[in-house]
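Novice:
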Amino acid sequence: MTCHDGIIAIDAQGDTMVSKFPQDVISTNLSMTHPIGFSYDAAMNVRGASQLADKNLYLASAVTTSNITGVYNQVSRNSTLRIVDVLFQGTYITCMSCHDVHNDQNVTPDPGDNYNYLLWAKEEQSLICLSCHLK
Amino acid sequence: MLKLFLRLAVYFSFLPCAIAGNSPQTGVSGSLHDINNLAVTTGAYNPDVYQRVCVFCHSPHNAEFSSNNVASPLWNHAPSKVILAPYAWALPANQTISFNIDPLVGPSRLCMGCHDGVTAVDSHGGAGSLNSGSHPLTTPGYTVTNLKTIHPIGFLYSDAMAARPGRLTDPTTTSFLASSPFGAASAGSNTYTRVGYTQGTVLIASTLYAGYVTCATCHDVHNTNNAINLPDPDTGIAVNYFVRAPEQGSALCLSCHLM
Chain A
1 MTCHDGIIAI
11 DAQGDTMVSK
21 FPQDVISTNL
31 SMTHPIGFSY
41 DAAMNVRGAS
51 QLADKNLYLA
61 SAVTTSNITG
71 VYNQVSRNST
81 LRIVDVLFQG
91 TYITCMSCHD
101 VHNDQNVTPD
111 PGDNYNYLLW
121 AKEEQSLICL
131 SCHLK
Chain B
1 MLKLFLRLAV
11 YFSFLPCAIA
21 GNSPQTGVSG
31 SLHDINNLAV
41 TTGAYNPDVY
51 QRVCVFCHSP
61 HNAEFSSNNV
71 ASPLWNHAPS
81 KVILAPYAWA
91 LPANQTISFN
101 IDPLVGPSRL
111 CMGCHDGVTA
121 VDSHGGAGSL
131 NSGSHPLTTP
141 GYTVTNLKTI
151 HPIGFLYSDA
161 MAARPGRLTD
171 PTTTSFLASS
181 PFGAASAGSN
191 TYTRVGYTQG
201 TVLIASTLYA
211 GYVTCATCHD
221 VHNTNNAINL
231 PDPDTGIAVN
241 YFVRAPEQGS
251 ALCLSCHLM
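Going down the list, the sequences are from chains A and B. The opening position of the first sequence corresponds to residue 1 in my numbering, with each subsequent residue numbered one higher. The opening position of the second sequence corresponds to residue 1 in my numbering, with each subsequent residue numbered one higher.
1) Quick one: which residues of the stretch 54-74 of chain A get their C-beta closer than 8 Å to a C-beta of chain B? List them in chain order.
2) Mind pulling the chain A residues with CB within less than 8 Å of residue 43(B)?
3) Could you give the DSSP three-state label for residue 190(B): helix, strand or coil?
4) Per DSSP, what are the beta-bridge partners of residue 62(A) in this structure?
5) Spatial neighbours of residue 208(B) within its chain, please: CB distance less than 8 Å, with the 5 preceding and 5 following residues excluded, ordered by chain position.
6) Any beta carbon of chain A sitting closer than 8 Å to that of residue 74(B)?
7) Whose CA, out of 46(A), 110(A), 61(A), 50(A), lies closest to the CA of residue 82(A)?
8) Take every Cβ of the stretch 240-254 of chain B, pair it with every Cβ of the stretch 90-109 of chain A, and state whether three or more of those distances are shorter than 8 Å.
9) Residue range of the alpha helix (DSSP H) that residue 178(B) falls in?
10) DSSP state of residue 206(B), grouped into three classes?
11) If we call anything under 8 Å between Cβ atoms a contact, is residue 52(A) one with residue 102(A)?
12) How do the stretch 72-80 of chain B and the stretch 103-110 of chain B stand: do at least 3 beta-carbon pairs fall below 8 Å, yes or no?
13) Please state the DSSP three-state secondary structure of residue 95(B).
14) Given a threshold of 16 other Cβ atoms within 10 Å of its Cβ, counted over all protein chains shown, does residue 173(B) qualify as buried or as exposed?
15) Alpha helix (DSSP H) containing residue 44(A): first to last residue?
16) Just to check, is the beta-carbon of residue 85(B) closer than 7 Å to a non-hydrogen atom of the ligand SAM?
17) When you check each C-beta in the stretch 31-53 of chain A against every C-beta of chain B, which residues fall closer than 7 Å?
18) Between residue 30(B) and chain A, is the shortest Cβ-Cβ distance under 8 Å, so that the two count as touching?
19) Under 7 Å Cβ-Cβ, which residues of chain B neighbour residue 129(A)?
20) My assumption, with CB atoms under 8 Å, is that residue 168(B) sits in contact with residue 160(B). Please give the rounded CB distance.
21) Nearest-angstrom Cα distance between residue 94(A) and residue 57(A)?
22) According to DSSP, is residue 258(B) helix, strand or coil?
23) So, do the stretch 20-38 of chain B and the stretch 61-76 of chain A have three or more beta carbon pairs nearer to each other than 8 Å?
24) Hey, residue 134(B) and residue 125(B): beta-carbon distance below 8 Å or not?
25) Are the C-beta atoms of residue 126(A) and some chain B residue less than 8 Å apart?
26) Indicate whether at least one CB of chain A lies closer than 8 Å to the CB of residue 10(B).
27) Please work out which residues of its chain come closer than 6 Å, Cβ to Cβ, to residue 116(B), disregarding the five sequence neighbours upstream and downstream, and give them in chain order.
28) Mapping DSSP to helix, strand and coil, what is residue 56(B)?
29) Apart from the five residues on each side of it in sequence, which residues of its chain come closer than 8 Å, Cβ to Cβ, to residue 78(B)?
30) Chain A partners of residue 224(B), CB-CB under 9 Å?
31) Beta-carbon of residue 26(B) versus every beta-carbon of chain A: anything under 8 Å?
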């Protein structure tokens with residue numbers, strides 16, 4: 001947030017992100033962003049295993065939709081990372097739970113994508129969402 | 001033989017239109033609420049450039065905090081601005097039940113972001129908006145333009161219980177019905193014991209928005225825990241209205257109504 005808060009200058013020239021890339025300012029209000037700073041385990045206790053993936057599962061790599069009533073869509077999890085691996089201290093959801101800031105192990109956008117959100121799982125099929133959310 | 005042929009013809013004529021994965025309890029991906037899939041398969045809407053599913057309604061960043069001052073779940077869709085008059089009770093005795101100043105209070109207003117027939121289904125994204133479309137939902141039967149022709153929403157269940165003693169189930173102790181006896185005579189039916197019906201696991205109270213009946217009271221939008229219906233004997237297709245209890249035996253209605 002020392003860059004993405006839209007206030008603190010990114011560079012020595014004093015430009016803030018809000019003046020350069022307004023779409024990249026996360027927010028000055030965490031109510032508008034996916035919750036962070038909470039325990040995945042606590043969320044699991046509230047939502048239950050029918051709504052959130054076990055944190056020892058790997059991140060999603062593909063979804064195969066089901067045609068069979070009552071048989072859930074199959075989420076393939078061929079990532080090299082488990083959910084627990086992207087939780088701070090194995091517990092807390094932070095920015096780093098979705099984003100790989102060093103552009104290192106993040107997924108390659110599929111053809112058609114022209115933007116790199118530095119994500120651990122793809123935007124396609126909302127795989128980054130479905131890594132944790134059983135929807 | 002001709003009848004069988006016609007029946008098969010009707011059945012197969014549906015298949016190209018059928019959306020893969022729209023069977024109940026298969027998840028949102030591939031269902032009628034997977035708008036990207038709907039856009040790709042029907043051509044009626046602009047698909048998302050990144051082929052995302054959730055983005056038509058939700059965004060992890062820059063979401064709308066509120067819609068008509070109601071806190072929204074990371075909302076990322078153009079808001080419905082329609083103002084509709086509430087349902088009008090048929091019986092004078094029911095006039096004591098009042099509506100919220102906005103009968104579309106809570107999630108109903110969010111649903112109407114597509115189902116009002118005016119707001120573009122493919123209009124999503126706030127800051128850094130990617131590919132907002134301008135195609136409203138116009139399929140007959142899928143839009144709500146007059147709240148007087150649908151089951152009332154936007155009233156407190158507790159108000160209705162007070163006005164209709166003994167006619168509604170207690171939402172704090174009753175779950176949506178999971179199955180019905182399919183017309184079997186229920187002994188002592190005047191006691192409203194509903195013999196043969198079994199309760200599921202979704203407590204009615206858990207589907208109320210601050211006590212209000214909304215769209216989400218009957219409907220499970222994410223196709224995760226909705227009811228499984230029997231196939232239509234003519235088409236072989238089991239309709240999926242994203243409802244929380246089966247149509248068979250009107251289990252959905254009888255979950256709340258003691259009839």
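Glycine is no exception: its CB is placed at the ideal position from the N, C-alpha and C atoms.
Specialist: In terms of the structure at hand:
1) Of all residues in the stretch 54-74 of chain A, 63, 65, 66, 67, 68, 69, 70, 71, 72, 73 have a Cβ within less than 8 Å of some Cβ in chain B.
2) Neighbourhood of residue 43(B) in chain A, by CB distance below 8 Å: empty, with the nearest CB roughly 17 Å away.
3) Unreliable placement is indicated for residue 190(B), whose pLDDT of 46 sits below 50; the coordinate value is still reported in the next sentence. In this structure, residue 190(B) counts as helix in the three-state DSSP scheme.
4) According to DSSP, residue 62(A) bridges with 76(A).
5) So the qualifying residues of the chain are 157, 171, 214, 217.
6) Yes, because at least one Cβ of chain A sits closer than 8 Å to the Cβ of residue 74(B).
7) That would be 61(A), whose Cα lies nearest to the Cα of residue 82(A).
8) The stretch 240-254 of chain B, when compared against the stretch 90-109 of chain A, does not touch it at the 8 Å Cβ threshold.
9) Run containing residue 178(B): none in the alpha helix (DSSP H); it sits in the beta strand (DSSP E), 175-179.
10) Reduced to three states, the DSSP call for residue 206(B) is helix.
11) Contact: no.
12) Result yes; three or more Cβ-Cβ pairs closer than 8 Å.
13) DSSP places residue 95(B) in helix when its eight states are reduced to three.
14) Exposed: under 16 other Cβ atoms inside 10 Å.
15) Following the DSSP letters along the chain, one finds residue 44(A) inside the alpha helix (DSSP H) bounded by residues 40-47.
16) The model on display carries no ligand, and the ligand SAM is accordingly not part of it.
17) Here the close residues are 31, 32, 33, 34.
18) Yes - at least one Cβ of chain A is within 8 Å of the one on residue 30(B).
19) Within chain B, the residues placing a beta-carbon under 7 Å from that of residue 129(A) are 54, ordered along the chain.
20) With 8 Å as the limit, residue 168(B) and residue 160(B) qualify as a contact, their Cβ atoms being about 6 Å apart.
21) Distance between the alpha carbons of residue 94(A) and residue 57(A) is about 18 Å.
22) In this structure, residue 258(B) counts as coil in the three-state DSSP scheme.
23) As far as the Cβ criterion goes, the stretch 20-38 of chain B touches the stretch 61-76 of chain A, which means the pair count is three or higher.
24) Contact flag unset, no.
25) Answer yes: the Cβ-Cβ gap between residue 126(A) and chain B drops below 8 Å somewhere.
26) Any reading at residue 10(B) must be qualified, since the residue scores a pLDDT of 38, below 50, and its modelled position is unreliable; the value itself is stated next. It does not; no Cβ of chain A falls within 8 Å.
27) Only 80, 82 meet the Cβ criterion.
28) Helix at residue 56(B).
29) For residue 78(B), the CB contacts under 8 Å within the same chain, skipping 5 residues up- and downstream, are 113, 119, 120, 123, 124, 132 in chain order.
30) Those are 50, 51, 72, 134, 135, listed as they occur along chain A.
31) Chain A contact via Cβ: present.
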